[in-house]
Amino acid sequence: MAMPSISTILGVVFLAYIAHSIYQMSQLFTTLNCTAQPCYTSFLAEKPRMQLALFTSRTPHPIASEVQDIYKAKRFDYSRPFEHDFEVEVPLKTRRNGSLYMHVVLALEGEPLEWRSLRRDGPTVLHTLSLTDYMVPRAEAFNLLGEAADKARPGGSGSSGEKSVQGKASSGNSKGASGGRPSTHMRSNVYVTLLTDLFSVSQADVPPEMAQLIRVNRMQQILPILQTDTFNTRMKDLVAITRNTTEFTFSFHYKPVGGGASSG
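Under full-length UniProt numbering, the sequence shown has 1 at position 1, and the numbering climbs by one with no breaks.
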């Protein structure tokens with residue numbers, strides 16, 4: 001009987017870890033209750049009418065002049081999934097191996113949706129995520145792997161003069177593009193989730209796993225928890241950006257989830 005490969009074993013371990021994490025999260029949210037005062041309740045319990053706004057910028061904490069508006073919905077039904085394709089301008093500094101960020105804003109109906117006047121505390125929820133990542137372009141990565149494999153074979157590092165010249169030419173072409181170095185890639189799919197479970201909790205009841213997620217407003221309400229859906233984020237969605245890429249289209253995926261629901 002053949003033994004399972006290391007990659008198979010690692011894959012099984014990773015899936016077990018994901019399943020265990022989902023179970024732990026479901027337990028956290030199904031067992032939360034107030035055992036002390038003050039008792040914080042979910043902001044969504046009152047079924048507020050919300051707005052959605054999307055912005056992009058080159059930095060995670062931009063000023064108003066550095067922000068590009070890409071979408072605004074004065075009435076946004078956060079209880080339903082939402083998907084839409086957006087075309088954004090790619091700044092020159094991003095094309096020169098820089099970064100680009102997206103800011104997802106949920107605000108009460110009637111609140112201003114201009115970046116300059118956004119209320120950072122209170123009913124407005126702001127979630128910032130990176131639209132870019134850095135990796136070696138796939139074609140170059142395969143070339144580098146191929147060259148490494150050739151060198152690993154007996155005589156593969158240049159058993160003849162002809163092979164040696166071809167190897168150098170291939171290496172030169174690879175370095176001409178980016179030298180095998182990581183370059184800016186943009187995400188063709190962006191996934192965001194909103195936790196819609198209605199729960200109450202006191203400060204003494206907040207588990208360490210949730211502490212960084214919970215924000216409370218002046219009304220002692222737990223603000224909506226908006227997060228990047230890492231379960232659906234894939235490396236294959238990364239697209240290489242060049243200096244000629246002035247515009248880029250990506251798909252935005254929003255999904256409401258419960259504490260015991262999987263995002264993937």
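The beta carbon of each residue, even a glycine, is placed where N, CA and C say it ideally should be.
Run through the DSSP bridge pairs and tell me what residue i is partnered with.
| i | result |
| --- | --- |
| M102 | T56, L129 |
| M135 | S183 |
| S65 | S65 pairs with nothing; no bridge assigned. |
| Y78 | Answer is none; Y78 lacks a bridge partner. |
| Q51 | A107 |
| K255 | T193 |
| E89 | E247 |
| residue 267 | Shown here, the chain extends from 1 to 264; a query on residue 267 therefore has no answer. |
| T228 | V192 |
| C240 | Note on identity: in this sequence residue 240 is Ala, with Cys being the wrong assignment. H185. |
| S200 | T41 |
| E83 | H253 |
| V216 | I222 |
Quick one: using the 10 Å Cβ neighbour count with 16 as the cut-off for buried, is residue i buried or exposed?
| i | result |
| --- | --- |
| P224 | buried |
| R187 | buried |
| M219 | exposed |
| V13 | exposed |
| G176 | Below a pLDDT of 50, predicted positions are generally treated as unreliable, and G176, at 39, falls in that range; the measurement from the model is reported next regardless. Exposed, by the Cβ-count rule. |
| T249 | exposed |
Under 7 angstroms between the Cβ atoms of residue i and residue j?
| i | j | result |
| --- | --- | --- |
| Y71 | M50 | no |
| S202 | N97 | no |
| Q221 | F43 | yes |
| L226 | V105 | no |
| W115 | A36 | no |
| K255 | P81 | yes |
| R95 | I6 | no |
| H185 | M235 | no |
| A73 | L52 | yes |
Rank the options by C-alpha distance to the C-alpha of residue i and give the top, closest one.
| i | options | result |
| --- | --- | --- |
| L54 | F86, T35, Q37 | F86 |
| D133 | V190, S117, R116, E111 | V190 |
| F252 | L100, H84, R75, F76 | H84 |
| L100 | R80, G110, F82, H61 | H61 |
| N33 | T233, R243, F199, V257 | F199 |
| A107 | R95, F76, M135 | F76 |
| Y40 | R80, Y254, A204 | A204 |
| F231 | L92, P112, V192 | V192 |
| R217 | I9, P38, I6 | Arg is not the amino acid found at residue 217; the sequence shown has Asn there. Among I9, P38, I6, the Cα nearest to that of N217 is on P38. |
| V257 | K236, D229, L238, V206 | D229 |
| R58 | I6, S130, V13, A45 | S130 |
| I214 | I241, H127, H185 | H127 |
| R181 | P208, L92, D237, P137 | P137 |
| A45 | L118, L195, T249, R243 | L195 |
| M102 | E109, Q68, S117, L113 | Q68 |
For my contact list, residue i and residue j are in at a C-beta cut-off of 8 angstroms; report their separation, rounded to the angstrom.
| i | j | result |
| --- | --- | --- |
| T246 | E89 | 7 angstroms |
Please confirm if residue i has its CB atom under 7 angstroms from at least one CB of chain D.
| i | result |
| --- | --- |
| L238 | Protein chains in the displayed structure number just one, and chain D is not present. |
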